[in-house]
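Numbering-wise, the working numbering comes out as the position in the sequence shown, counting from 1, plus 57.
Cβ atoms here follow ideal geometry from the backbone N, Cα and C, with glycine treated the same way.
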Amino acid sequence: MSDDADSLFEFPCAFPLKIMGAASDALVQAVLEVVLRQAPDFDVATMEVRSSSAGNYLSLTCTINATSRAQLDTLYRELSSHPLVKIVL
């Protein structure tokens, strides 16, 4: 039985990650580094960047080609522990 047997997802699948943090170019760069390390086939041009109404925060959406539950767990762990990232959904 594979690790993905109890997962609600069938891999591979398109999986959107929403990452929020204080508005800065450093946040965008840090998120890209983590995402590309774990999902090297991620197309950087597809990343969506939205600014909060006051411009203090950024919301980044990266839709990756998820290949396993372990990959998603690692991404969430790395992104959540980054000092520039406030929330990962």
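Alpha-carbon to alpha-carbon, residue j and residue i
i, j, result
"Leu65", "Thr118", "21 Å"
"Phe68", "Arg94", "19 Å"
"Ile121", "Gln86", "16 Å"
"Thr124", "Leu89", "18 Å"
"Ser108", "Lys143", "14 Å"
"Ala131", "Val106", "One detail in the question is off: residue 131 reads as Thr in this sequence, not Ala. Their Cα atoms are separated by approximately 22 Å."
Exposure of residue i, with buried meaning 16 or more beta-carbon neighbours within 10 Å
i, result
"Val101", "exposed"
"Ile76", "buried"
Closest by C-alpha distance to residue i, when choosing among the options
i, options, result
"Tyr114", "Pro73, Ala127 and Ala83", "Ala83"
"Ala80", "Phe99, Val91 and Leu141", "Leu141"
"Asp98", "Ser116, Gly78, Gly112 and Gln128", "Gln128"
Residues near residue i by beta carbon distance below 6 Å, same chain, minus five either side
i, result
"His139", "Ala87"
"Ala96", "Ile121"
Contact set for residue i: own chain, Cβ-Cβ below 7 Å, skip 5 residues either direction
i, result
"Pro73", "Thr118 and Thr120"
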